[in-house]
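*Asks:* Here it is, the structure, as structure tokens.
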Amino acid sequence: MIRRSGDRIIERPEHKFGAPGFITVRNLINSSDELNGKGRVFAHTTVLPGNGIGFHVHQGDTELYYVVSGKGEYNDNGTMTVIEAGDVTFTPSGTGHGVTCIGTEPLELIALILYD
Numbered sequence: 004m005i006r007r008s009g010d011r012i013i014e015r016p017e018h019k020f021g022a023p024g025f026i027t028v029r030n031l032i033n034s035s036d037e038l039n040g041k042g043r044v045f046a047h048t049t050v051l052p053g054n055g056i057g058f059h060v061h062q063g064d065t066e067l068y069y070v071v072s073g074k075g076e077y078n079d080n081g082t083m084t085v086i087e088a089g090d091v092t093f094t095p096s097g098t099g100h101g102v103t104c105i106g107t108e109p110l111e112l113i114a115l116i117l118y119d
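Numbering of the sequence shown is given in the working numbering, commencing with residue 4 and proceeding in unit increments.
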């Protein structure tokens with residue numbers, strides 16, 4: 004199977020988990036069936052400077068971010084740190100995270116959520 008770029012579902016949620024601004028989510032899969040029922044998100048997410056994804060806790064799933072480009076202030080279950088291109092974050096079930104784009108260029112993330 005090949006997913007053409009024009010066949011992706013694109014979402015632009017505002018104030019995701021209470022964060023400022025909006026994000027752009029380009030879904031690389033269109034349903035959990037495409038992950039054989041083992042996950043629910045595989046997406047390319049763009050966060051513009053000053054915008055973010057608010058802190059939220061994962062229950063029953065784990066989320067990973069791969070930072071493609073840009074810089075973010077990352078809330079790693081209450082510990083603040085800076086993430087940048089090449090970094091990978093890991094948020095297991097029962098823990099939380101959030102991120103705000105800092106700097107002058109958009110923060111580009113690949114997000115993957117897998118079920119426990």
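The beta carbon of each residue, even a glycine, is placed where N, CA and C say it ideally should be.
(1) Would you give the residue range spanned by the beta strand (DSSP E) that Lys41 belongs to?
(2) If you check the beta carbons only, do Leu110 and Thr65 fall under 8 Å apart?
(3) Starting from the C-beta of Arg43, find all residues in its chain whose C-beta is less than 6 Å away, skip the five residues before and the five after it, and write them out in chain order.
(4) Could you say which of Ile32, Met4, Asn54 and Asn39 lies nearest to Arg15 if we only look at CA atoms?
(5) Near Pro23, what residues of its chain come up, given a Cβ to Cβ distance below 7 Å and the 5 sequence neighbours on each side ignored?
(6) Give the single residue among Arg6, Phe20 and Ser8 whose Cα lies nearest to the Cα of Val102.
(7) I'd like the span of the beta strand (DSSP E) that includes Thr107, first residue to last.
(8) Considering only residues of the same chain and omitting the five flanking positions on each side of Thr49, which have a CB-CB separation below 6 Å?
(9) Just to confirm the assignment, what range does the beta strand (DSSP E) spanning Met83 have?
(10) Closest to Ile12 by CA distance: which of His18, Leu38, Met4 and Phe45 is it?
(11) Cα separation between Ala114 and Ile32?
*Replies:* According to the structure shown:
(1) As a first step, residue 41 is located in the sequence shown; it is residue number 38 there, counting from the start. Taken as a continuous stretch (DSSP letters only), Lys41 belongs to no beta strand (DSSP E), as it is neither H nor E.
(2) Taking the first residue of the sequence shown as position 1, residue 110 is located at position 107. Taking the first residue of the sequence shown as position 1, residue 65 is located at position 62. No, the pair does not count as a contact, with Cβ atoms beyond the cut-off.
(3) Within the sequence shown, numbered from 1, the residue matching residue 43 stands at position 40. Excluding positions up to five away in sequence, the list reads Ser35 and Ile116.
(4) Taking the sequence shown and counting its residues from 1, the one referred to as residue 15 is at position 12. Nearest of Ile32, Met4, Asn54 and Asn39 to Arg15, Cα basis: Asn54.
(5) Counting from 1 along the sequence shown, the entry for residue 23 is found at position 20. So the list reads Gly53, Asn54 and Gly55, once near-sequence residues are dropped.
(6) Numbered from 1 along the sequence shown, position 99 holds the residue referred to as residue 102. It is Phe20 whose Cα lies nearest to the Cα of Val102.
(7) The sequence position of residue 107 within the sequence shown is 104, counting from 1. No beta strand (DSSP E) holds Thr107; DSSP gives it neither H nor E.
(8) Mapped onto the sequence shown, residue 49 falls at position 46. Same-chain partners within the cutoff: Thr27, Pro109 and Glu111.
(9) As a first step, residue 83 must be located in the sequence shown, where it is residue number 80. Thr82 to Glu87 is the span of the beta strand (DSSP E), which, as asked, contains Met83.
(10) To locate residue 12, count along the sequence shown from 1; it is residue 9. For Ile12, the nearest C-alpha among the options comes from Phe45.
(11) Within the sequence shown, numbered from 1, the residue matching residue 114 stands at position 111. Within the sequence shown, numbered from 1, the residue matching residue 32 stands at position 29. Looking at the two C-alpha atoms, the distance is approximately 11 Å.
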